[in-house]
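Right, one structure below, let's go through it.
In the numbering used here, the protein residues as written are 136 to 351.
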């Protein structure tokens, strides 16, 4: 090991963890916003919208996230935009997240009994009002556990951003491992950090699922 002490390793990984958390939050919030918009567009059943959203979902679910990050990093530059690893990682993970959340939420909406739609129509509510006042409040209750659970996948997915130079936990861990010649110790610490980030989220998702099942 070079001049790195154990405290130096932990401190640098802790600092890198901030960017892992920040990227996860941006991807999750941004993907949620886009996913909700795509869900509404798809549920509107306007000509061509269902095929468009379905194609969008299949594209981003069918292409590996690693490839999507490469395309975001090198593709944005084709338009003359100076792309940083931060921007490319945020864009790639946000689009990836939006596709999965769209499909998760669509399943939750479809689980609402058809009678709820018919009842809202009998109240002379338009499509937007049906979603806002009747359907989405019920679907949200069902969607919370799997949505929180998917956040774990987003957090773990940030590790792939290391391949485009984004300095998150995995990238910083690799840099430290190369400097210390002790990859087992360093990546063991990296694994512990990811576990500490993901495990509480998993527990929270399970507790929400149990609570929702009891309440129902």
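Glycine included, every Cβ here is placed at the ideal spot set by N, Cα and C.
Min CB distance residue i to chain C below 8 Å
{"i": "residue 319", "result": "No chain C appears in the structure shown, which is made up of a single protein chain."}
Distance between residue j and residue i (C-alpha atoms, nearest Å)
{"i": "residue 218", "j": "residue 345", "result": "43 Å"}
{"i": "residue 154", "j": "residue 292", "result": "13 Å"}
{"i": "residue 167", "j": "residue 210", "result": "23 Å"}
{"i": "residue 317", "j": "residue 307", "result": "14 Å"}
{"i": "residue 347", "j": "residue 141", "result": "43 Å"}
{"i": "residue 251", "j": "residue 335", "result": "35 Å"}
{"i": "residue 173", "j": "residue 322", "result": "38 Å"}
{"i": "residue 330", "j": "residue 190", "result": "34 Å"}
{"i": "residue 280", "j": "residue 259", "result": "32 Å"}
{"i": "residue 175", "j": "residue 271", "result": "10 Å"}
{"i": "residue 356", "j": "residue 212", "result": "A query on residue 356 cannot be resolved here, the shown segment of the chain reaching from 136 to 351 and no further."}
Burial state of residue i, where buried means 16 or more other Cβ atoms lie within 10 Å
{"i": "residue 349", "result": "Annotation note: pLDDT 46 at residue 349 (below 50); position unreliable, coordinate value reported separately. Its Cβ having fewer than 16 others within 10 Å, residue 349 is exposed."}
{"i": "residue 326", "result": "exposed"}
{"i": "residue 237", "result": "buried"}
{"i": "residue 305", "result": "buried"}
{"i": "residue 249", "result": "exposed"}
{"i": "residue 203", "result": "buried"}
{"i": "residue 208", "result": "buried"}
{"i": "residue 160", "result": "exposed"}
{"i": "residue 170", "result": "buried"}
{"i": "residue 253", "result": "exposed"}
{"i": "residue 313", "result": "exposed"}
{"i": "residue 275", "result": "exposed"}
{"i": "residue 186", "result": "exposed"}
C-beta atoms of residue i and residue j nearer than 8 Å
{"i": "residue 235", "j": "residue 196", "result": "yes"}
{"i": "residue 243", "j": "residue 277", "result": "yes"}
{"i": "residue 158", "j": "residue 296", "result": "yes"}
The stretch 224 to 231 touching the stretch 261 to 278, judged by at least three CB pairs closer than 8 Å: Too few Cβ pairs lie closer than 8 Å, so no.
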